[in-house]
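Asker: Quick one: the structure is below, questions incoming.
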Amino acid sequence: MAISRDRYSTVAIILHWTIALLILSNIGIAWYFNTLHGSAKIEPVQLHKSIGITVLVLSTLRLAWRLAVPAPKLPAYVTGWEKWLAQAVQVGFYVIMFGMPLSGWALSSASPLIHVFPIVLFHAIPWPAIGPLTTLPHDQMKQAHDAFTAAHGLLAKLAYALVALHVGGALKHQFISNDDVVARMIPFLPRRMTKEMAE
Ligand code: HEM
């Protein structure tokens with residue numbers, strides 16, 4: 013008989029919460045620097061870039077880990093639209109985890125400012141710009157910058173919707189379905205007997 017995992021691995025749990033925290037922090041920092049002007053923006057934007065690139069690196073590890081160690085299955089009673097929505101939200105998060113950092117990296121690279129303020133992760137580790145974008149003729153660079161900025165903003169809106177659905181789903185499992193779906197990602201939550209186990 014095959015043994016099925018009923019919770020995420022420790023590595024997956026650590027990566028999930030670290031990436032979640034970094035993405036939420038980066039959204040908060042973006043909201044904050046959007047209220048600033050001129051040179052006051054420089055430091056928070058540079059921190060935002062450092063955190064965003066860290067998300068890109070960690071998301072690559074997370075994807076590799078996910079391919080190597082598959083996620084535990086949802087309880088068998090989760091079917092139909094609920095199962096479809098859960099899977100769509102997970103795919104959406106991977107789009108965010110890669111799309112936000114890549115579009116941010118691209119919009120920063122397609123800016124004349126990249127030569128003045130290169131990306132240096134946490135003031136310590138130089139990170140390259142995307143070469144071809146830094147040498148575009150002025151008009152094309154502006155077009156590319158505007159397109160990547162629009163994509164970055166759109167992905168942010170997708171992220172807000174996904175966070176709402178994800179947290180809503182977690183609350184529903186925890187307090188309405190009363191199952192162990194959330195405990196698979198929060199090790200210290202007490203385990204309950206799921207409907208599946210009871211059958
Ligand atoms: C976890 C990854 C990231 C998240 C969640 C994120 C989120 C955001 C959000 C919410 C905004 C404000 C968008 C708006 O006002 O419409 C923003 C703006 C910005 N982001 Fe990111 N970002 C991420 C990664 C990056 C990376 C890796 C870079 C660059 C290396 C970057 C560079 C920027 C810049 C320069 C802006 C300001 C754009 C402007 O208004 O001119 N971001 N980001």
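In this text, residue positions in the sequence shown follow our numbering: the first is 13, and each later residue adds one.
Heads up, the beta-carbon is just placed ideally off N, CA and C, and yes, glycines get one too.
For valine 132, which residues does DSSP report across the bridge?
Answerer: In DSSP, valine 132 forms a bridge with Pro138.
Asker: Could you say which of His178, Ala173, His49, His60 lies nearest to glycine 40 if we only look at CA atoms?
Answerer: Among His178, Ala173, His49, His60, the Cα nearest to that of glycine 40 is on His60.
Asker: When you measure from the CB of valine 107 to every non-hydrogen atom of the ligand HEM, does any distance come out below 6 Å?
Answerer: Every heavy atom of the ligand HEM is 6 Å or more from the Cβ of valine 107, so no.
Asker: Alpha helix (DSSP H) containing tyrosine 106: first to last residue?
Answerer: Run containing tyrosine 106: 92-121, per the alpha helix (DSSP H) assignment.
Asker: Among residues of its own chain, excluding the 5 on either side of isoleucine 25, which ones have a beta-carbon nearer than 7 Å to its beta-carbon?
Answerer: Counting only Cβ-Cβ distances below 7 Å, and skipping sequence neighbours, we find Met197, Pro199.
Asker: Nearest-angstrom Cα distance between valine 90 and proline 138?
Answerer: If I take the Cα positions, the gap works out to 46 Å.
Asker: Using only alpha-carbon positions, find the residue among Ile126, Ala136, Phe134, Gly165 that is nearest to threonine 146.
Answerer: Closest option to threonine 146, Cα to Cα, is Ile126.
Asker: With contact counted as at least three CB pairs below 8 Å, one residue from each stretch, are the stretch 116-131 and the stretch 86-103 in contact?
Answerer: Cβ pair count under 8 Å is below three, so no.
Asker: Decide if glutamine 152 is buried, meaning its Cβ has at least 16 other Cβ atoms within 10 Å, or exposed.
Answerer: Under this definition glutamine 152 is an exposed residue.
Asker: With a threshold of 7 Å on Cβ separation, who are the neighbours of alanine 163 within its own chain once the five nearest residues in sequence on each side are excluded?
Answerer: Taken in chain order, the residues that qualify are Ser115.
Asker: For the ligand HEM, is there a heavy atom less than 6 Å away from the beta-carbon of lysine 61?
Answerer: Result yes, Cβ under 6 Å from the ligand HEM.
Asker: Less than 7 Å between CB atoms is the rule here; does leucine 75 satisfy it with respect to chain C?
Answerer: No chain C is present in this structure, which holds just one protein chain.
Asker: So, with DSSP's three-state summary, where would you put threonine 47?
Answerer: DSSP places threonine 47 in coil when its eight states are reduced to three.
Asker: With isoleucine 54 and alanine 171 assumed to form a contact (beta carbons below 8 Å), what rounded beta-carbon distance in angstroms separates them?
Answerer: Actually they are not in contact, since the Cβ atoms of isoleucine 54 and alanine 171 sit about 24 Å apart, beyond 8 Å.
Asker: What does the alpha-carbon distance come out to for the pair tryptophan 117 and isoleucine 131?
Answerer: Their backbone Cα atoms lie some 9 Å apart in a straight line.
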